[in-house]
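Note that the protein sequences, when read in sequence, are chains A and B. Per the numbering used here, the first sequence starts with residue 409, numbered consecutively. Per the numbering used here, the second sequence starts with residue 409, numbered consecutively. Backbone N, C-alpha and C define an ideal beta-carbon position, used for all residues, glycine too.
Number of protein chains: 2
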Amino acid sequence: MESLQKAIAAISPLSDEGMSAFSQGWKHWSTTKDFVLLKENTISDYIYFIEKGVARIYYYKNGREITEWIALDGQFFLSITSFFQRTPSYLTIQTIEPSHVYGIHHDDLMKLAGEHHEIERLLRKMVTASLILSQERMDSIQFESAQQRYEKLLKTSPQIVQRVPLTYIASFLGITLETLSRIRSQR
Amino acid sequence: MESLQKAIAAISPLSDEGMSAFSQGWKHWSTTKDFVLLKENTISDYIYFIEKGVARIYYYKNGREITEWIALDGQFFLSITSFFQRTPSYLTIQTIEPSHVYGIHHDDLMKLAGEHHEIERLLRKMVTASLILSQERMDSIQFESAQQRYEKLLKTSPQIVQRVPLTYIASFLGITLETLSRIRSQR
DNA sequence: CGTGCACTTGATTGAAGTCAAGCGCTGTGG
DNA sequence: CCACAGCGCTTGACTTCAATCAAGTGCACG
């Protein structure tokens, strides 16, 4: 809970009152390896925060599993489209290590955002940060080589490379397992 | 002004009071062809709305011009990173037709968002919509062929194809002019 | 009327995907 | 306790899509 509050405060500081109201909205799960938080084809009701552990978000495209996101200790994650548009998600979310996860329900969050201007602002800042990240990632996919993307990952999130199987990392980088393997071997 | 108000209301309805406060924040420009709204290396102070005309957002990458976005009548556009992070923009924004453009200054918008909860909510919804779009675009760049991307553009924004030079369209689609030309010829 | 811009066409290259086979570890059942 | 099934990863041969480089065409307008 404390790490969650810290992560929130880092995005947009809340008053004591706002923080306490907000904190009460979150549920907690202790998950096993390969525990499914969100099943494909269901509406994603939660924004999650991973206190400790690893989660991955993936979907199927042409019969293949695509890992869209990997979240480690201290990160927020969700199925953006499903959560905000309230449509069934094509994504699955699972923890790939035993993990501690918090989640806030869509309706609770929207209620809080409606009642507290500062929570609305927090939410806006969270979405803005996501948007900036999304733009950077698009740029990376469009203009960087597989090699460069892997090296950037090594630099920015070495933990992912240590804790996550290569298959997942490859599709997270937008390349095949074979290509990743070749990149790793040549040096 | 009316089209701007309509576009705003479509995202998130505002009270009369909120709408009137908000409306006052916007400036108006009548631009010529190739008029520069935002210069590279300056901080982007405005969110723009194009009432009539065409704007394009571009930057240089390895000595080449990359068109990142094309906005037509009735759309909002901005340099996301620069506007929200208050850092110099690597982007240039220009109207490529004589256009009518509205813009709201960052500081005015933030002030309004701080004073009016409903404007904060509107802003959050705008950013959310952008985020969803950004995700869709990333998916398209990663998994669709040049052919498919062009056909999708033809279907979703036939106006762009009619009003914008192919050079810009090509880099907007993430392909070269030559590839686009070949796609168009074979059929 | 010719200079340049917008676009086309051709030849070649290259990065990464696909398909296929193989290796080595681990854990489970006979 | 060994054997082998399967997972996670590597390696090889081949293909493909689109990029690059290089000319060329046609039209617009100054």
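Asked                                                                                                                                                                 : Found
Across which residues does DSSP place A415 (chain A) in a beta bridge pair?                                                                                           : BP columns for A415 (chain A) are empty, so no partner.
Listing by chain order, which chain B residues have their CB less than 9 Å from the CB of I540 (chain A)?                                                             : I488, T489, F492 and Q493
Among A:W437, A:Q556, A:H514 and A:S452, which residue has its Cα nearest to the Cα of E395 (chain A)?                                                                : Because chain A is modelled from 409 through 595, residue 395 (chain A) falls outside the range shown and cannot be assessed.
I'd like to know whether the C-beta atoms of P523 (chain B) and E528 (chain A) end up nearer to each other than 7 Å.                                                  : According to the sequence shown, residue 523 (chain B) is Glu rather than Pro. Result no, Cβ atoms of E523 (chain B) and E528 (chain A) do not sit closer than 7 Å.
Going by DSSP, what residue range makes up the alpha helix (DSSP H) through R472 (chain B)?                                                                           : Element bounds for R472 (chain B): not the alpha helix (DSSP H) but the beta strand (DSSP E), R472 to L480.
So is L561 (chain A) in contact with chain B if we call contact Cβ pairs under 7 Å?                                                                                   : no
Just tell me which of A:R494, A:S423 and A:G471 has its CA closest to the CA of Y454 (chain A).                                                                       : A:R494
Got a sec, what are the start and stop residues for the beta strand (DSSP E) K460 (chain A) sits in?                                                                  : Y454 to K460
Could you tell me if V569 (chain A) is buried or exposed, where buried requires 16 or more neighbouring beta carbons within 10 angstroms of its beta carbon?          : exposed
Give the single residue among B:G582, B:V509 and B:T584 whose Cα lies nearest to the Cα of M409 (chain B).                                                            : B:V509
So which residues on chain B does H525 (chain A) lean against when the C-beta distance must stay under 7 Å?                                                           : H525 and E528
Check this for me: beta carbons of S452 (chain A) and S490 (chain A), under 7 Å apart or not?                                                                         : yes
With K447 (chain B) and S507 (chain B) assumed to form a contact (beta carbons below 8 Å), what rounded beta-carbon distance in angstroms separates them?             : 17 Å between Cβ atoms; not a contact.
Within the segment 501–586 of chain A, note down every full alpha helix (DSSP H) run reaching 4 residues or more, in order along the chain.                           : 514–523, 525–551, 554–564, 566–571 and 574–581
By Cβ distance below 8 Å, which residues in the same chain neighbour S487 (chain A) in space, the five residues on each side in sequence not counted?                 : L446, S452, I465, S497, L499 and I501
Using CA coordinates, which residue listed in A:S593, A:L520 and A:K519 is at the minimum distance from Y558 (chain A)?                                               : A:S593
S428 (chain B) lies in the alpha helix (DSSP H); which residues open and close that run?                                                                              : D424 to Q432
Within its chain, find whatever has a CB closer than 6 Å to the CB of F580 (chain B); leave out the 5 residues flanking it on each side and keep chain order.         : T475 and I478
Identify the contact partners of L422 (chain A) in chain B, using a Cβ-Cβ distance below 9 Å as the criterion.                                                        : Simply none; closest approach about 14 Å.
Determine, using beta carbons only, whether L531 (chain B) comes closer than 7 Å to chain A.                                                                          : yes
Report all residues from its chain with a CB closer than 8 Å to the CB of V444 (chain A); omit the five preceding and five following residues, and keep chain order.  : T500, I501 and Q502
So, is R590 (chain A) buried or exposed, given that buried needs 16 or more other C-beta atoms within 10 angstroms?                                                   : exposed
With DSSP run on the structure shown, which of helix, strand or coil describes T440 (chain A)?                                                                        : coil
With DSSP as the reference, label Q594 (chain B) as helix, strand or coil.                                                                                            : coil
Using the Cβ count rule (16 or more neighbours within 10 Å means buried), how would you classify S542 (chain B)?                                                      : buried
According to DSSP, is D445 (chain A) helix, strand or coil?                                                                                                           : Here residue 445 (chain A) is Leu; the residue named in the question, Asp, does not match the sequence. Looking at L445 (chain A) - three-state DSSP - the assignment turns out to be strand.
Compute the beta-carbon to beta-carbon distance between A537 (chain B) and T587 (chain B), rounded to the nearest angstrom, for a pair I have assumed lies under 8 Å. : Their Cβ separation, rounded to whole angstroms, is 30 Å, which puts A537 (chain B) and T587 (chain B) out of contact at 8 Å.
Please tell me whether Q555 (chain B) has its Cβ less than 7 Å away from any Cβ of chain A.                                                                           : no
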